[in-house]
Amino acid sequence: MSRAFHLYRKGVNVVMFSLAGLCAFTTVSVLFYILGFLVWKGAGAINWDFFTQLPKPVGEAGGGMANAIVGSFKLVVLATAIGVPVGFVTGVYLAEFGGRRYPALIRYIADLLNGVPSIVIGIFAYALVVVPMRRFSTLAGGLALSLMIIPVTIRTTEQFLRAVPDSLREAALALGASKWRMVATVVIPASLHAVLTGTLLGVARVAGETAPLLFTSFNNRFWSTGWDQPTASLPVMIFTYAIAPYEDWHRQAWAAGLVLLMAMLALNVTAHRILSMKMARRSGR
Amino acid sequence: MQTLRLWLRNRNPADVMAHAVTLLFASTVLLVTALLVYELYVSSAASRQEFGWTFLLSRDWDPVQDKFGALPFIYGTVVTSVLALLMAAPVGVGAAIFLAELAPPKISDTLTFVVELLAAVPSVIYGLLAIFTLVPWLRETVQPFLQERFGYLPVFQGPMYGVGILAASMILAIMILPFIVSISREALLAVPAEQREAALAVGATRWEAAWQVVTPYAGLGIAGSVFLALARALGETMAVTMVIGNAPKISASLFESGYSIAAVIANEFTEATGDMHLSALVQLGLVLFGLTIVMNAIARLMLAATSRKGSPQ
Chain G
1 MSRAFHLYRK GVNVVMFSLA GLCAFTTVSV LFYILGFLVW KGAGAINWDF
51 FTQLPKPVGE AGGGMANAIV GSFKLVVLAT AIGVPVGFVT GVYLAEFGGR
101 RYPALIRYIA DLLNGVPSIV IGIFAYALVV VPMRRFSTLA GGLALSLMII
151 PVTIRTTEQF LRAVPDSLRE AALALGASKW RMVATVVIPA SLHAVLTGTL
201 LGVARVAGET APLLFTSFNN RFWSTGWDQP TASLPVMIFT YAIAPYEDWH
251 RQAWAAGLVL LMAMLALNVT AHRILSMKMA RRSGR
Chain S
286 MQTLRLWLRN RNPADVMAHA VTLLFASTVL LVTALLVYEL YVSSAASRQE
336 FGWTFLLSRD WDPVQDKFGA LPFIYGTVVT SVLALLMAAP VGVGAAIFLA
386 ELAPPKISDT LTFVVELLAA VPSVIYGLLA IFTLVPWLRE TVQPFLQERF
436 GYLPVFQGPM YGVGILAASM ILAIMILPFI VSISREALLA VPAEQREAAL
486 AVGATRWEAA WQVVTPYAGL GIAGSVFLAL ARALGETMAV TMVIGNAPKI
536 SASLFESGYS IAAVIANEFT EATGDMHLSA LVQLGLVLFG LTIVMNAIAR
586 LMLAATSRKG SPQ
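Listed in order, the protein sequences are those of chains G and S. Sequential numbering of the first sequence, starting at 1, is according to the numbering used here. Sequential numbering of the second sequence, starting at 286, is according to the numbering used here.
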């Protein structure tokens, strides 16, 4: 083969890998762009009032999003309280008790549920809770979000239980433990971090969700007085404020965006940390 | 009954209880999903009976006269998603090849983690950024440029507001990029090392090995990642609602406003004027559900096929 052709191939190699590297760089830089822009726009707008005040009436500057922060917190707690137990126990079933056919069906359904657009989940929660109760409520919003937590928890739980070595199971059975004892006292404790990671990832998935809340928990300019009342939440507030024509509302939308993004990153990084710590300990043994 | 009794006799009753309880929870998941489909079906009954299949082909959307058709919304959803895919897929696959084939493992893992964080950024934040950075940029820089240079093409004619089909496609492209990168990378990493070694041994450059041997081998997995991203894009609500312009029309220009299925549900559901309006919105939800289920199913089939092929031995 001629020398020129050889050089040409070398050149293609360098050029194409540089292009691929550029693609990777572009993708990764989007996160830093988002982060940087939100800090730049949002940091100035965050003050004590933001966390402690109610929204001011339209046209008045100032005020904060205290009710939306508490509202988001309530929604996520409710969603976690419903979604994580259901997802976790289902994950235990899939990993430890299931036979062959039925678990495959459940796994398929969980994947399907995972793929349902969040706005459709909102319609479902509306039909299921809002229509019979005749009002928007925290309850309806929390339920909608819990449906999005369930598939995440199922998947992480099953994965982690399967990663527990069989020798542990065999040791427990050999000592005369019954199956449920083996699962409850050996397998689950050995993968307790799974519950934690699954929960964190589930919360991270739903804390920023807006679409399923639009017509379930709706919005509220005041404190929500009970679980059966509509409530404000950070994502819905960002949406409402961003598309409104007021400068001051835009400023607060940036602040809320920054708070939400920080919470999101913290949850994901923590989950990642727990995982890599566990991995390191296991491989070090 | 006989076999059940025999089966029970040989078991510890506590084990049977544990099995039954976990089975019950697993069945709840099944039940809830079935209920979801049922509710969508029942709640859209009025609209389905009134319009039937013409719902999918009609261009009317007139809540005042109770005339509803889904075509502009289906058009908006499909066009923005496909455009997003055309923009995101080459960049995503390129990034995946870099991460899987060239970057040292440590750097690759770190960058992949950043990409996964990107996937976790809430849709409403993408929308917020799109309204205040992407839309002005399109309006003041990109659209005048495109119209001046390529204005003879119908796709670049029309008003330059910034918001519209183009803005929605671009923000969708950015949002689905992380899914394409991380799943394609997995598919590439699952290709056996022998494939690379064989190519390098006969004198291929690293790029030739990556592009002509490894990438085709992982082709199905990469295609799966693209379909998964497509399913995401179809169902994406907030960011699209904030920049698509929210006007139910079908036009050749990418600069024109449009509307997507998810966006119209988000905007009109709480303000629906009557039962028929609400029912039509639910039927739109049913259409969207169907679309995403099909895309997801195709993606899963492709990914399942590669994980079998890619496993060692």
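The C-beta atom is built at its ideal place from N, Cα and C for all residues, glycine as well.
Neighbourhood of L462/S by C-beta, 7 angstroms cutoff - its chain only, sequence neighbours within 5 removed
Translated into positions along the second sequence, residue 462/S becomes position 177. The residues are A373, V376 and G377.
Test: H304/S CB closer than 8 angstroms to a CB of chain G
Here residue 304/S refers to the residue found at position 19 when the second sequence is read from its first residue. Chain G contact via Cβ: present.
Would you call the CB atoms of I82/G and G142/G closer than 8 angstroms?
Stepping through the first sequence from its first residue, residue 82/G is reached at position 82. Stepping through the first sequence from its first residue, residue 142/G is reached at position 142. The answer is yes: Cβ separation under 8 angstroms.
Measuring CB to CB, does G91/G end up less than 8 angstroms from I188/G?
In the first sequence, residue 91/G corresponds to position 91, counting from 1. In the first sequence, residue 188/G corresponds to position 188, counting from 1. Pairing G91/G with I188/G gives a Cβ-Cβ distance that is not under 8 angstroms.
Among L309/S, I550/S, S538/S and V327/S, whose alpha-carbon lies nearest the alpha-carbon of M445/S?
Position 160 of the second sequence, counted from the start, is the residue given in the question as residue 445/S. Per the Cα distances, S538/S.
Enumerated in chain order, which unbroken segments of the alpha helix (DSSP H) with a length of 4 residues or greater are wholly contained in the segment 7-90 of chain G?
Assignment of alpha helix (DSSP H) within the segment 7-90 of chain G, counting only whole runs of 4 or more residues, yields 48-52 in chain order.
Using three-state DSSP, classify F215/G as helix, strand or coil.
Residue numbering aside, residue 215/G sits at position 215 when the first sequence is read from its first letter. Correct three-state label for F215/G: coil.
Spatial neighbours of T397/S in its chain, beta-carbon cut-off 8 angstroms, leaving aside the 5 residues before and after:
By one-based count along the second sequence, residue 397/S stands at place 112. Around T397/S: L384, V466, S467 and R470.
Against chain G, with Cβ distances strictly below 8 angstroms, would T365/S count as a contact?
Numbered from 1 along the second sequence, position 80 holds the residue referred to as residue 365/S. Closer than 8 angstroms: no.
Evaluate K391/S with the Cβ neighbour count: other Cβ atoms within 10 Å of its Cβ, from every protein chain shown; 16 or more gives buried, anything less gives exposed.
Locating residue 391/S in the second sequence gives position 106, counting from the first residue. Exposed, by the Cβ-count rule.
For chain G, is any of its Cβ atoms less than 8 angstroms away from the one on N297/S?
Here residue 297/S is taken as the residue at index 12 of the second sequence, counted from 1. Yes, N297/S counts as interfacial toward chain G.
Contact between the segment 543-554 of chain S and the segment 107-125 of chain G: three or more CB pairs below 8 angstroms?
Enough Cβ pairs lie closer than 8 angstroms, so yes.
Just mark A271/G as buried or exposed, buried being the case when its beta carbon has 16 or more other beta carbons within 10 Å.
In the first sequence, counting from the first residue as 1, residue 271/G sits at position 271. A271/G comes out buried.
Cβ of A369/S within 8 angstroms of Cβ of A508/S?
Walking along the second sequence from the start, residue 369/S turns up at place 84. Walking along the second sequence from the start, residue 508/S turns up at place 223. Cβ distance not < 8 angstroms, so A369/S and A508/S don't count as in contact.
Hey, out of F160/G, W40/G, D166/G and V28/G, whose CA is closest to L196/G's CA?
Position 196 of the first sequence, counting from 1, holds the residue named residue 196/G. The residue with the shortest Cα to Cα distance from L196/G is F160/G.
Comparing alpha-carbon positions, which option in L315/S, A453/S and G575/S lies nearest I529/S?
Translated into positions along the second sequence, residue 529/S becomes position 244. The residue with the shortest Cα to Cα distance from I529/S is A453/S.
Residues bridged to D347/S (per DSSP)
Stepping through the second sequence from its first residue, residue 347/S is reached at position 62. Note: D347/S sits in a beta bridge opposite K352/S.
Please go through the same chain and pick out, in chain order, the residues whose beta-carbon is closer than 6 angstroms to the beta-carbon of S312/S, but skip the five residues on each side of it.
Working through the second sequence from its first residue, we reach residue 312/S at position 27. Excluding residues within five positions, none has a Cβ falling inside 6 angstroms.
Is the segment 313-331 of chain S touching the segment 495-513 of chain S in the sense that three or more CB pairs, one from each, lie closer than 8 angstroms?
no
Using a Cβ-Cβ cut-off of less than 8 angstroms, give me the residues of the segment 533-561 of chain S that come near chain G, in sequence order.
A547, I550, A551, F554 and T555
For W496/S, does the three-state DSSP call read helix, strand or coil?
Here residue 496/S corresponds to residue number 211 of the second sequence, with the count starting at 1. For W496/S, the three-state secondary structure derived from DSSP is helix.
Going along chain G in order, which residues have a C-beta closer than 7 angstroms to the C-beta of V399/S?
Stepping through the second sequence from its first residue, residue 399/S is reached at position 114. Neighbours of V399/S on chain G, chain order: V28 and L31.
Which residues of chain S have a Cβ atom closer than 9 angstroms to the Cβ of G21/G, listed in chain order?
Taking the first sequence and counting its residues from 1, one reaches residue 21/G at position 21. Those within 9 angstroms of G21/G in chain S are G379, A380, F383, L387 and A388.
Quick one: is G11/G buried, meaning 16 or more other Cβ sit within 10 Å of its Cβ, or exposed?
Within the first sequence, the letter at position 11 stands for residue 11/G. With fewer than 16 Cβ atoms within 10 Å of its Cβ, G11/G is classed as exposed.
Once you ignore the five residues that flank P151/G on each side, which residues in its own chain have a CB closer than 8 angstroms to its CB?
On the first sequence, residue 151/G is found 151 positions in, with the first residue counted as 1. Only G87, A110, D111, L113 and N114 meet the Cβ criterion.
Sufficient close CB pairs (3 or more, under 8 angstroms) joining the segment 557-570 of chain S to the segment 338-350 of chain S
Because the criterion of three Cβ pairs below 8 angstroms is met, the segment 557-570 of chain S and the segment 338-350 of chain S touch.
By how many angstroms is the C-alpha of E209/G removed from the C-alpha of I69/G?
For the purposes of this step, residue 69/G is taken as the residue at position 69 of the first sequence. For the purposes of this step, residue 209/G is taken as the residue at position 209 of the first sequence. If I take the Cα positions, the gap works out to 14 angstroms.
Proximity test, Cβ basis, 8 angstroms: R9/G and chain S:
Your numbering for residue 9/G matches position 9 in the first sequence. It does; some Cβ of chain S falls within 8 angstroms.
E601/S versus chain G: which residues are under 7 angstroms apart at the beta carbon?
There is no way to answer for residue 601/S, as the model of chain S reaches only from 286 to 598.
For the segment 506-520 of chain S, which residues have a CB atom closer than 9 angstroms to at least one CB atom of chain G, in sequence order?
L513, A516, R517, L519 and G520
Can you list, in chain order, the residues of its chain with a C-beta nearer than 8 angstroms to that of A404/S? Leave out the 5 residues immediately preceding and following it.
Numbered from its first residue, the second sequence carries residue 404/S at position 119. Excluding residues within five positions, the ones whose Cβ falls inside 8 angstroms are P463, F464 and S467.
Whole-angstrom C-beta distance between L78/G and T138/G, which should lie under 8 angstroms
Position 138 of the first sequence holds residue 138/G. Position 78 of the first sequence holds residue 78/G. Confirmed, Cβ separation roughly 7 angstroms.
Out of curiosity, what's the CA-to-CA distance linking V367/S and L438/S?
What you label residue 367/S is simply residue 82 of the second sequence in a count that begins at 1. What you label residue 438/S is simply residue 153 of the second sequence in a count that begins at 1. Spanning the two alpha carbons is a distance of roughly 19 angstroms.
Have a look at L267/G, R107/G and K56/G and flag the residue whose alpha-carbon is nearest the alpha-carbon of G202/G.
The sequence position of residue 202/G within the first sequence is 202, counting from 1. Among L267/G, R107/G and K56/G, the Cα nearest to that of G202/G belongs to L267/G.
Euclidean distance between Cα positions of R101/G and L315/S:
The residue labelled residue 101/G in the question sits at position 101 within the first sequence. The residue labelled residue 315/S in the question sits at position 30 within the second sequence. For R101/G and L315/S, the distance between alpha carbons rounds to 14 angstroms.
Considering only C-alpha positions, which residue in the set A194/G, S167/G and S276/G is nearest to M182/G?
By one-based count along the first sequence, residue 182/G stands at place 182. Comparing Cα positions, the closest option is S167/G.
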